[in-house]
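*Asks:*
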Amino acid sequence: MEIQKTTYKLKSHYTKKWATLFLALCMALSFSACEETDDGDDDGVATEDLYGSTGLQTITLDGNCDISDDFVFENSKATIDYVIDCELEIKDGANVTVEPGTVIAFKAGAGILLSDGSFKAVGTETDSIYMIGRQNVRGFWLGLFFNTNNPNNELEYVNVANGGQEQVYVPGLGSTYVGPANVALNLGQLSMKHVKVSKSGGHGFITEREEGVISGFANNTFTDNEETGVMVFANQIGALDGASDYTGNEDDVVEVLRAIVEDDQTLQKLNVPYRFEKDVEISADVTIQAGADLTFKEKAALVIQDGSLKVEGTADEMVQFRGVVAAAGYWNGLFYSTNNSDNVISYAVIADAGGGKTLVGGDTNSGYRGPANITLNSGRLGIVNSTIKNSASYGFRTDLDGAEIEAFTNNNIMANQDAGIYIAANQLGSIDGTNVFSDNKEQYIDVRDSDVTDDQVWQKLTVPARFNETSNIKANVEVEAGANMIFSSEAALVLVEGSFSAIGTSEERITFLGEVEVDGHWGGLFFNTTSPNNELSYVDVGHAGGKDIYVNGSAAGYRGDSNIYINSGQLTVSNSTIYKSRSCGISIRSGATLNQQGNEFRDNRGDDICE
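The working numbering applies: residue -10 is where the sequence shown begins, and numbers increase by one.
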């Protein structure tokens, strides 16, 4: 350990100051034994200025280690000012202060437990405080344990080393063991700034309860610890700062324990990943800064139950959400269930999730949702400029028809073990043509049945939209030139209200085809409104007429057996190809109107047009 401290040469007799200090310590601390010692037999190692110093006057604190009155650890200018040989408990409201430059050494089994009162150790940039073991090894002494909600609990410009020997029993509050760690916050608060925490036999700094408050945290260093540098609960990670150094430990992550996040906070970019151990529920407004790296253990998840989760990456510093192991389905994913406009994922990589469904509660539609890398259960979410990959199921999915996709633009959806996207028909208009789909097991956007109640444009995408069931259109829908739509055996599109127009070009035709290219594979297109905007131009409609469909409206009933069925109202069809119907190419019910020209009918089992 580097130290800028001058060794103090002692006189052969006590000075008045030392005699007074010695007597005060014995009286204030009520020790069974206080003695002058040089601890020359401790066989210290490493930096000899601090560890194993010999021939220097120090005060050894032994025996009944209770501080019940206000007390100051003074800087005597000796190499080591105090040696503590017991578990020192601060209680009865005592306020303990450590002067700048003070060096406190701890023997094996020794430590400081703050049960009541406060502990304030504030050094300076040029005169740090040291709290170290008598030997320079990991886990030599117990550590510092904070258990009071006192605003004066503060560590600043302090070096804490060699603690984390074992857990320490904290009485009360259900009685619990805390640690092992160099510094442990159990219940209460603590501020840490410019603190170096090293050589712990466990973690460097930990919180033992989610109620603990990290009241200040800046420019700290956590290194050379047996486990992680920092372990905190999820509701406390917003206190950690990006200027601190968390590297050089045996496990270079910030370990995050399960908790409900109820306070607004920002997760900063650290120089190590966050590692989430279990599911974490967010019920506040949380922002994740560019460059942050969030990793998740097996089956863990982030559930945004209330509030929002806003991800603010950049092109140069993407935010990472990934499994501790880079395997498809290793963790469960992100689950959004709030109607908050701040729910935006921008410039992020979401990978390795879709491992299973996760319980999403708090509304009438509560239940298990997923699996996917990202699941929008209800509410709203925008995803832009992001990569969604390596899911064991879908890359992105919605679970409720009313969920609102605010934007889905410039994303790369790749290497997922199902389709890249699974959404309701009412949400299809939110997916635009700038997204890229590659190497997914199913190169489609899977579209489940729903009522299409919002006016929208179904855009030309880089993969087909695959309709799995029948959807009712109750709004004005336009289909962009070049769009490619395919249908399963249970699917059909039924225009109930509004209008439906699919106007392609000779170069970019629109397709409505069966997933399997056989006659009658799917239900077909059903028109039931009088809108003059109902039009099909430069489209290919094939493989339909495979089932009767219930058509709502004034002439409700089951209709079918054609690629296109005009139940009532009107439709214009031009320059289109209608083929491989199970029966007629187009069927017109009495009273309906068809305007058609320039169409090609082929390979239909029935007539081209049936009335």
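Note that CB positions come from ideal geometry on N, CA and C, so glycine has one too.
Can you grab the Cα-Cα spacing for the pair Thr519 / Gly487, in whole Å?
*Replies:* The residue labelled residue 519 in the question sits at position 530 within the sequence shown. The residue labelled residue 487 in the question sits at position 498 within the sequence shown. The alpha-carbon atoms of Thr519 and Gly487 are separated by roughly 9 Å.
*Asks:* Report the CB separation of Asn379 from Asp341 in whole angstroms; it is logged as a contact under 8 Å.
*Replies:* The residue labelled residue 379 in the question sits at position 390 within the sequence shown. The residue labelled residue 341 in the question sits at position 352 within the sequence shown. Yes, they are in contact, since the Cβ atoms of Asn379 and Asp341 sit about 5 Å apart, within 8 Å.
*Asks:* I need the boundaries of the beta strand (DSSP E) containing Asp407, first residue and last residue.
*Replies:* Stepping through the sequence shown from its first residue, residue 407 is reached at position 418. Unbroken run through Asp407: none, as it is neither H nor E.
*Asks:* Quick one: residues in its chain with C-beta nearer than 6 Å to the C-beta of Asn465, no 5 flanking neighbours on either side, listed in chain order?
*Replies:* To locate residue 465, count along the sequence shown from 1; it is residue 476. So the qualifying residues of the chain are Asp444, Gly487, Ser488.
*Asks:* Smallest Cα separation from Leu514: which of Arg498, Gln294, Ala110, Asn461?
*Replies:* Translated into the one-based positions of the sequence shown, residue 514 becomes position 525. Among Arg498, Gln294, Ala110, Asn461, the Cα nearest to that of Leu514 is on Asn461.
*Asks:* With 16 other CB atoms within 10 Å as the buried threshold, where does Ser495 fall?
*Replies:* Residue mapping note: residue 495 aligns to position 506 of the sequence shown, counting from 1. Answer is exposed; the Cβ neighbour count stays below 16.
*Asks:* If you compare alpha carbons, which of Val149, Asn224, Leu133, Glu589 is closest to Ile121?
*Replies:* Counted from its first residue, the sequence shown places residue 121 at position 132. Among Val149, Asn224, Leu133, Glu589, the Cα nearest to that of Ile121 is on Val149.
*Asks:* So Glu197 packs on Val167, CB below 8 Å; how close in whole Å?
*Replies:* Residue mapping note: residue 197 aligns to position 208 of the sequence shown, counting from 1. Residue mapping note: residue 167 aligns to position 178 of the sequence shown, counting from 1. At roughly 4 Å, the Cβ-Cβ gap stays under 8 Å, so Glu197 and Val167 are in contact.
*Asks:* Would you grab the beta carbon distance between Gly343 and Gly312 for me? Rounded to a whole angstrom, and I think it's under 8 Å.
*Replies:* For this step, residue 343 is matched to residue 354 along the sequence shown. For this step, residue 312 is matched to residue 323 along the sequence shown. With 8 Å as the limit, Gly343 and Gly312 do not qualify as a contact, their Cβ atoms being about 10 Å apart.
*Asks:* Under a Cβ-count criterion, where at least 16 other Cβ atoms within 10 Å of its own Cβ denotes burial, should Gly580 be classed as buried or exposed?
*Replies:* The residue labelled residue 580 in the question sits at position 591 within the sequence shown. The residue in question, Gly580, is exposed, as its Cβ has fewer than 16 Cβ neighbours within 10 Å.
*Asks:* Pop quiz: Val147 and Val202 are said to be a contact at Cβ under 8 Å. What is the actual Cβ separation, rounded to whole angstroms?
*Replies:* On the sequence shown, residue 147 is found 158 positions in, with the first residue counted as 1. On the sequence shown, residue 202 is found 213 positions in, with the first residue counted as 1. With 8 Å as the limit, Val147 and Val202 do not qualify as a contact, their Cβ atoms being about 19 Å apart.
*Asks:* Please classify Gln46 as buried or exposed, where buried requires at least 16 other C-beta atoms within 10 Å of its C-beta.
*Replies:* Taking the first residue of the sequence shown as 1, we reach residue 46 at position 57. With a pLDDT of 42 at Gln46, under the threshold of 50, the modelled position of that residue is not reliable, and the figure given next carries that caveat. Buried.
*Asks:* What do you reckon, is the C-beta of Gly82 under 6 Å from a heavy atom of the ligand ADP?
*Replies:* Looking at this structure, you won't find the ligand ADP or any other ligand, since it has none at all.
*Asks:* Which whole-angstrom value is the C-beta distance of Gly64 and Thr91, which I expect to be below 8 Å?
*Replies:* Within the sequence shown, residue 64 is the residue found at index 75, counting from 1. Within the sequence shown, residue 91 is the residue found at index 102, counting from 1. The question names Gly, yet the displayed sequence has Asn at residue 64. Asn64 to Thr91, Cβ: 4 Å. Contact.
*Asks:* Please name the residue or residues paired with Gly371 in a DSSP beta bridge.
*Replies:* Working through the sequence shown from its first residue, we reach residue 371 at position 382. Gly371 pairs with Val333, Ala396.
*Asks:* With DSSP as the reference, label Met16 as helix, strand or coil.
*Replies:* Locating residue 16 in the sequence shown gives position 27, counting from the first residue. Confidence at Met16 is low in this model, with a pLDDT of 34, below 50, so its placement is unreliable and the value that follows should be read with caution. Of the three classes helix, strand and coil, the one that applies to Met16 here is helix, per DSSP.
*Asks:* Can you tell me whether Leu176 is helix, strand or coil according to DSSP?
*Replies:* For the purposes of this step, residue 176 is identified with residue 187 of the sequence shown, where counting begins at 1. DSSP places Leu176 in coil when its eight states are reduced to three.
*Asks:* For a test of the three-state rule: what should DSSP assign to Ala170, helix, strand or coil?
*Replies:* Position 181 of the sequence shown, counting from 1, holds the residue named residue 170. Three-state result, Ala170: strand.
*Asks:* Quickly, what does DSSP pair Lys299 with across the bridge? List them, please.
*Replies:* Counting from one through the sequence shown, the residue named residue 299 turns up at place 310. Lys299 pairs with Thr276, Val333.
*Asks:* Contact check, Gly112 vs Asn139 under 8 Å by CB: the rounded distance?
*Replies:* Residue 112 sits at position 123 when you count from the first residue of the sequence shown. Residue 139 sits at position 150 when you count from the first residue of the sequence shown. Incorrect: roughly 19 Å between the Cβ atoms, too far for contact.
*Asks:* CA-CA distance, Cys573 and Asn584?
*Replies:* Locating residue 573 in the sequence shown gives position 584, counting from the first residue. Locating residue 584 in the sequence shown gives position 595, counting from the first residue. In a straight line, the C-alpha of Cys573 is about 17 Å away from that of Asn584.
*Asks:* Could you tell me the distance, in whole angstroms, from the CA atom of Gln178 to the CA atom of Ala248?
*Replies:* Start at 1 with the first residue of the sequence shown, and residue 178 comes out as number 189. Start at 1 with the first residue of the sequence shown, and residue 248 comes out as number 259. Going from the Cα of Gln178 to the Cα of Ala248 covers about 17 Å.
*Asks:* Beta strand (DSSP E) containing Asp268: first to last residue?
*Replies:* The residue given as residue 268 occupies position 279 in the sequence shown. Element bounds for Asp268: n/a, residue is neither H nor E.
*Asks:* Is the distance from the Cβ of Ile538 to the Cβ of Val483 below 7 Å?
*Replies:* As a position in the sequence shown, residue 538 is number 549, starting the count at 1. As a position in the sequence shown, residue 483 is number 494, starting the count at 1. Yes, they are a contact pair.
*Asks:* Residues in its own chain within less than 6 Å of Pro521 by CB, not counting five upstream and five downstream?
*Replies:* The sequence position of residue 521 within the sequence shown is 532, counting from 1. Nothing meets the Cβ criterion.
*Asks:* Can you tell me which residues form a DSSP beta bridge with Glu496?
*Replies:* Locating residue 496 in the sequence shown gives position 507, where the first residue counts as 1. DSSP output for Glu496 lists no bridge partner at all.
*Asks:* Run through the DSSP bridge pairs and tell me what Glu589 is partnered with.
*Replies:* Taking the sequence shown and counting its residues from 1, one reaches residue 589 at position 600. Thr566, per the DSSP bridge assignment.
*Asks:* Is Asn224 helix, strand or coil when you go by DSSP?
*Replies:* Translated into positions along the sequence shown, residue 224 becomes position 235. Helix, per DSSP.
*Asks:* Roughly how many whole angstroms lie between the Cα atoms of Glu244 and Thr137?
*Replies:* On the sequence shown, residue 244 is found 255 positions in, with the first residue counted as 1. On the sequence shown, residue 137 is found 148 positions in, with the first residue counted as 1. Distance between the alpha carbons of Glu244 and Thr137: 23 Å.
*Asks:* Let me know the beta strand (DSSP E) ranges lying completely inside the segment 454 to 542, each 3 residues or longer, listed in chain order.
*Replies:* Runs of the beta strand (DSSP E) inside the segment 454 to 542: 454 to 456, 459 to 468, 473 to 476, 481 to 492, 499 to 503, 514 to 516, 524 to 526, 528 to 531, 538 to 540.
*Asks:* Which partner residues of Gln309 appear in the DSSP bridge assignment?
*Replies:* Your numbering for residue 309 matches position 320 in the sequence shown. Answer is Asp282, Val338, bridged to Gln309.
*Asks:* For the beta strand (DSSP E) holding Gln154, just list the boundary residues, first then last.
*Replies:* By 1-based counting over the sequence shown, the position of residue 154 is 165. Taken as a continuous stretch (DSSP letters only), Gln154 belongs to no beta strand (DSSP E), as it is neither H nor E.
*Asks:* Sort Ala83, Asp596, Phe285 by Cα distance to Leu246 and report the nearest one.
*Replies:* Within the sequence shown, numbered from 1, the residue matching residue 246 stands at position 257. Answer by Cα proximity: Phe285.
*Asks:* What would DSSP say about Phe11, mapped onto helix, strand or coil?
*Replies:* Taking the sequence shown and counting its residues from 1, the one referred to as residue 11 is at position 22. Confidence at Phe11 is low in this model, with a pLDDT of 40, below 50, so its placement is unreliable and no value can be given for it.
*Asks:* Decide if Val507 is buried, meaning its Cβ has at least 16 other Cβ atoms within 10 Å, or exposed.
*Replies:* For the purposes of this step, residue 507 is identified with residue 518 of the sequence shown, where counting begins at 1. Exposed, by the Cβ-count rule.
*Asks:* Sort Val61, Gly128, Glu78, Arg127 by Cα distance to Ala110 and report the nearest one.
*Replies:* By one-based count along the sequence shown, residue 110 stands at place 121. Ranking the options by Cα distance to Ala110, first place goes to Val61.
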